[in-house]
Every structure is written in structure tokens, then in C-alpha cells.
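Quick notes on the structure that follows.
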Amino acid sequence: MKHSLIALVCASALSWPLAATGAGGGGGGGGGAGGGDEETTSLRSRDPDYSAAMAAVKTQDWQQVVARMGAYTQRQPGDADGWNELGHAHRQMGNMQPALAAYDKALKINPKHRGVHEYLGEAYLQMGDVPKAEQELKALDKLCFFGCEEYSDLKKSIDSYKKGKQAKAS
1 MKHSLIALVC
11 ASALSWPLAA
21 TGAGGGGGGG
31 GGAGGGDEET
41 TSLRSRDPDY
51 SAAMAAVKTQ
61 DWQQVVARMG
71 AYTQRQPGDA
81 DGWNELGHAH
91 RQMGNMQPAL
101 AAYDKALKIN
111 PKHRGVHEYL
121 GEAYLQMGDV
131 PKAEQELKAL
141 DKLCFFGCEE
151 YSDLKKSIDS
161 YKKGKQAKAS
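In full-length UniProt numbering, the protein residues as written are 1 to 170.
This is the structure in C-alpha cells:
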């Protein structure tokens, strides 16, 4: 009995890190501790604006993403992933204030949305605000216990940005 209990505890302890690292995922839309419960995911899959917006993301048709995701978020204002993609499209078009507003709405819905923290950090870099980008990196570091793609991507972007600034100063 004693050996069975020890074996069970050891097996549980060994499987825990694997389960934790397998959870979550994704970068931009839909991923990274997003706003996606089953009901929201089901609504998205049936929504023509959401589907069209995500197709437009793949072709980088940012105006179409803004139009279709804007319509979607008006009907589904509680979907953090929708606001994140809307912010992403605005950022890609250089519309920083609407991008920041969309990211803010997404974080109010889900403060732990890793994709939003990554994209918000990228937005701050585009605006030349490295300290704020680094704040988002710190937030991701806290959210990504075993590391995550969003943290790695933002860290690379910050490092590249800093190297570019150093090269220009030389």
C-alpha cells in the first residue's frame, strides 16, 4: 500500500509539468489564454464577419480585417480575441490609437491574454516606447511559467529593435 501511494505521488508529480506546458498556446488570434470558451469559439466559427476577418489576416488585407472584425466586435464585445485581432490590424496599418484602444478592451476582458500582451508590446516598439514594450514582456514572463511563444517573439522583437538603435548610433 505504501509503495502504491509513493508511486502514485511520483507519477502525478512527473506528469504535472507536461500538462502545464501543453496548455494554452497560440500567438495572435484565438490563442494564448484568449477569450475563447466553447460558446465563444462556436459563435466565432459560425460568424461570417469573424471568418472573413481571419481569412483577410492570412492575406494581410488589413482594411478588410478592420471592417469585418470591427463589425464582429460590435456584436460580440466580450471576445478578447476579436479585439486583439482588431488591434493587430490597426497596428499593421499604422493606426496606433485605435490599436491601443482595442488592446485595452481585450485586456479588460482577459488580463491574462498572452497574445494581447505580445501585440501590445509590438505596438509600443512601433511607437518607440521600449520601456512599455518591456513592461509587456515582464507581464508575459509572469504569465508564461514555462516560457511561451508570445514571450519569445516579443523578446526577439525588443532585442532586434535595440540592436537597430545601436547600429544607427554607431
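Where a beta carbon is used, it is the ideal one built from N, C-alpha and C, also for glycine.
Quick caveat, the model's predicted, so the values are computed rather than measured.
- If you look at His113, you'll find it isn't in any alpha helix (DSSP H); DSSP assigns it neither H nor E.
- Here the region 98-109 does not lie against the region 129-138, with fewer than 3 beta-carbon pairs under 8 Å apart.
- Here the alpha carbon of Ser152 sits roughly 30 Å from the alpha carbon of Tyr72.
- Straight through space, the alpha carbons of Tyr124 and Val130 are spaced by roughly 7 Å.
- Our two residues, Ala52 and Asn84, have alpha carbons roughly 16 Å apart in a direct line.
- Boundaries of the alpha helix (DSSP H) around Asn84: 80-92.
- Closest option to Pro111, judged by alpha-carbon separation, among Leu140, Gly94, Met127, Cys148: Leu140.
- Judged by beta-carbon spacing, Ala106 lies beyond the 8 Å limit of Ala67, meaning their Cβ atoms are not closer than that value.
- Within the region 104-160, the complete alpha helix (DSSP H) segments of 4 residues or longer fall at 114-126, 130-143, listed in chain order.
- Short of 7 Å from the beta carbon of Leu43, and not among the five residues preceding or following it, lie these beta carbons of its own chain, in chain order: Gln76.
- Rounded to whole angstroms, Met96 and Val57 show a C-alpha spacing of 18 Å.
- Considering only Val65, Asp47, Lys155, the residue with the shortest C-alpha distance to Ala55 is Val65.
- Arg114 and Leu143 have their alpha carbons spaced roughly 7 Å apart.
- Judged by DSSP in its simplified three-state form, Thr59 adopts coil rather than helix or strand.
- In this structure Asp159 is exposed. Its beta-carbon is surrounded by fewer than 16 other beta-carbon atoms within 10 angstroms.
- No Cβ-Cβ contact shorter than 8 Å links Gly121 with Leu86.
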